[in-house]
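Heads up: the sequence lines are chains A and B, in that order. Going left to right, the first sequence walks through residues 148 to 344 as my numbering numbers them. Going left to right, the second sequence walks through residues 148 to 344 as my numbering numbers them. Ideal Cβ placement from N, Cα and C applies to all residues, glycine included. For reference, the structure discussed in these notes is given below.
Number of protein chains: 2
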Amino acid sequence: MRALVERIRNEGRNLGQGILKVDGFINHQLDPVLTAAMGQEFARRFSTAGVENVTKIVTAEVSGIAPALTVAMAYGVPVVYARKHRPITMPNGFYSSQAPSHTKGGVIQLMISPEYLQPSDRVLLIDDFLATGKTINALADLIAQCGATLCGIGCLVEKSFESGRQQLAHLGAPIVTLAIIDSMEGESIVVRDPTEE
Amino acid sequence: MRALVERIRNEGRNLGQGILKVDGFINHQLDPVLTAAMGQEFARRFSTAGVENVTKIVTAEVSGIAPALTVAMAYGVPVVYARKHRPITMPNGFYSSQAPSHTKGGVIQLMISPEYLQPSDRVLLIDDFLATGKTINALADLIAQCGATLCGIGCLVEKSFESGRQQLAHLGAPIVTLAIIDSMEGESIVVRDPTEE
C-alpha cells in the first residue's frame, strides 16, 4: 500500500535489534485517514484472495485495535480484541494462549471470552506487525480453541527477515500485509509495497 | 445517544461494586457501526457546545482507542493514545501522570511522548467511562504538562453516582457523555440519554 510505504520511508526509524519505530502513525499516534484506508485495503486484498463470508475480526490489544476496527468497518462485522490483562468483567472459562513480547520482553498472555467468539464464526485475524509470527500464532490458537474458522491473516507491516510468514504457513490461511520491510541497517530501511512487484 | 442507551439496557450487566459490564460493545468486542456513530455524535455535541478548531484527540489505551479513533475520523485529526506500559520505542523525557485503576486495582501510569503533543494543540479528551474522573484528570494533567489546550472532554458512559463530573469541573472544559447511568442495584440499571431530558 503506497501511502503506508511512503509513511514508513518518511517517518519510520530503525532503533536497532529489529525494532522499527512507527509511533507517529501506528503505535502511539494514529492518522485516521490512513487507518481507515488501511482497513479498506485489507478488505480489497482479502476479496482478491477469495476470502468470503467473514463474520468477525480478531486482534490483540493494544496496537491491533485501530486497524482491526477499520477492517471491521469495511466488513460491517464486530471486532474482538484479545486482552493481555484479565479485566474483572471477564468470567472464568476464557480461552488463553501465550506469546513472547517483542517490544516489552517477557511473555504475554492473550485471553478471549467465549461469549464473543463462536464455532460458527469465520475470522479475519488483524495485527500491526508480522515479525516472528508468535503473537499471530497465539491468536490463531485462541480461534482454534473456540472452534471458529480462520479465513485470513492481515498485518500492516511485515518484517520479512524475521520469517513470520513461514511460521504461519501451517495455518493454511491467506496472509495479507500492506508494507514489507526487507532489511533495516543503520538509517536505511528497505521497504516495499507487496502489490507493486 | 439512543442507540448506546438501548444497548446498555439490553446487554449491560451490573457486576456489583459499581462495575458495569459492557464487554459486548465497548471493552472486549466492538460494534463498528455503533462505534462510528458514537464518534459522529461526539462531534455533533461538541459543535453544539461551541468547541472549534480541534487539532488532536487524546485518550488512554486500551478501551479509549476505538471511540477516540472514530472521533478523530469525524474531525480528520490525529489521535494520541497515552501508554500504560512504556514501550522501548518511547524516548526519555515523556510526560507521565498516575491514576488508580478502576477495574484492575493498583495504580496505572499514563505516558505521552512530547513528539506527538505540542503547545499549539487544541485537544479533545475521549475515554470510555467517566466514573470518579481520576483517569480523565490524569490525562488532562498530561495535556497541561505539554502546554496544550483542553477544549472538551467526552466519555461514552457516565456513572453519575461516582461524581466524576464534579471532579472535572476545575478543568473548565465542556463535558459530553453519551449515556448516563444514575444507579445500578442488582439487575436494575437506570440509564438515560442526556439529550432527551
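Cβ contact check for the stretch 164 to 174 of chain B and the stretch 191 to 204 of chain A: 3 or more pairs under 8 Å:
no
Please state the DSSP three-state secondary structure of MET220 of chain B.
As a working mapping, residue 220 of chain B is identified with position 73 in the second sequence. The answer is helix: DSSP assigns MET220 of chain B an H, G or I state.
Would you list, in sequence order, the uninterrupted alpha helix (DSSP H) runs of no fewer than 4 residues that lie entirely inside the stretch 225 to 252 of chain B?
none
Please go through the same chain and pick out, in chain order, the residues whose beta-carbon is closer than 7 Å to the beta-carbon of ALA150 of chain B, but skip the five residues on each side of it.
Translated into the one-based positions of the second sequence, residue 150 of chain B becomes position 3. For ALA150 of chain B, same chain residues with a beta-carbon under 7 Å away, outside a window of 5 residues either side, are LEU181, ALA184 in chain order.
For the beta strand (DSSP E) that GLY301 of chain A lies in, which residues bound it at each end?
Against the first sequence, residue 301 of chain A aligns to sequence position 154. The continuous beta strand (DSSP E) containing GLY301 of chain A extends over residues 296 to 306.
When Cβ atoms are compared, which residues of the stretch 288 to 317 of chain B fall closer than 8 Å to chain A?
none
Beta-bridge pairing of VAL169 of chain A - partner residues as DSSP gives them
As a position in the first sequence, residue 169 of chain A is number 22, starting the count at 1. According to DSSP, which records beta bridges pairwise, VAL169 of chain A is partnered with nothing at all.
Closest by CA to ARG233 of chain A, which one among A:LEU271, A:ALA320, A:ALA207, A:GLU334?
Walking along the first sequence from the start, residue 233 of chain A turns up at place 86. Checking every option, the nearest Cα to that of ARG233 of chain A belongs to A:ALA207.
Reduced DSSP secondary structure (H/G/I, E/B, other) of ALA207 of chain A
As a first step, residue 207 of chain A must be located in the first sequence, where it is residue number 60. Reduced to three states, the DSSP call for ALA207 of chain A is strand.
Please go through the same chain and pick out, in chain order, the residues whose beta-carbon is closer than 7 Å to the beta-carbon of ALA395 of chain B, but skip the five residues on each side of it.
The displayed coordinates of chain B run from 148 to 344. Any statement about residue 395 of chain B would go beyond what the structure contains.
Could you name the residues of the same chain whose beta carbon sits closer than 7 Å to that of ARG154 of chain A, not counting the 5 residues immediately before and after it, in chain order?
Reading the first sequence from its first residue, position 7 is the one you call residue 154 of chain A. PHE172, LEU181, listed in sequence order.
Enumerate in chain order the residues of its own chain whose CB-to-CB distance from PRO238 of chain A is below 7 Å, with the five nearest sequence positions on each side excluded.
Taking the first sequence and counting its residues from 1, the one referred to as residue 238 of chain A is at position 91. Same-chain partners within the cutoff: SER260.
Taking DSSP as the reference, what is the three-state secondary structure of ASP329 of chain A?
As a working mapping, residue 329 of chain A is identified with position 182 in the first sequence. In this structure, ASP329 of chain A counts as strand in the three-state DSSP scheme.
Which residues, in order along the stretch 150 to 164 of chain B, keep a beta-carbon less than 7 Å from a beta-carbon of chain A?
For the stretch 150 to 164 of chain B, the set of positions with a beta-carbon nearer than 7 Å to some beta-carbon of chain A reads LEU162 in chain order.
DSSP three-state assignment for THR279 of chain A, whether helix, strand or coil
Here the question's residue 279 of chain A lines up with position 132 in the first sequence. In this structure, DSSP gives THR279 of chain A a state outside helix and strand, which the three-state scheme calls coil.
On the three-pair Cβ rule with 8 Å, is the stretch 321 to 332 of chain A touching the stretch 289 to 296 of chain A?
Too few Cβ pairs lie closer than 8 Å, so no.
Would you check if the distance between the CB atom of ALA246 of chain B and the CB atom of TYR228 of chain B is smaller than 9 Å?
Numbered from its first residue, the second sequence carries residue 246 of chain B at position 99. Numbered from its first residue, the second sequence carries residue 228 of chain B at position 81. Result no, Cβ atoms of ALA246 of chain B and TYR228 of chain B do not sit closer than 9 Å.
Reduced DSSP category for GLN265 of chain A - H, G, I as helix; E, B as strand; rest coil
Here residue 265 of chain A refers to the residue found at position 118 when the first sequence is read from its first residue. In this structure, GLN265 of chain A counts as coil in the three-state DSSP scheme.
Identity of the residues DSSP links to MET185 of chain A by a beta bridge
Translated into the one-based positions of the first sequence, residue 185 of chain A becomes position 38. For MET185 of chain A, which the question treats as bridged, DSSP gives no partner whatsoever.
Would you list, in chain order, the members of the stretch 227 to 238 of chain A that have their beta-carbon closer than 8 Å to a beta-carbon of chain B?
Contact annotation: in the stretch 227 to 238 of chain A, residues whose CB is within less than 8 Å of a CB in chain B are VAL227, TYR228, ARG230, HIS232, PRO234, ILE235, THR236, MET237.
Classify GLU158 of chain A: buried if its beta carbon has 16 or more other beta carbons within 10 angstroms, exposed otherwise.
Position 11 of the first sequence holds residue 158 of chain A. So GLU158 of chain A counts as exposed.
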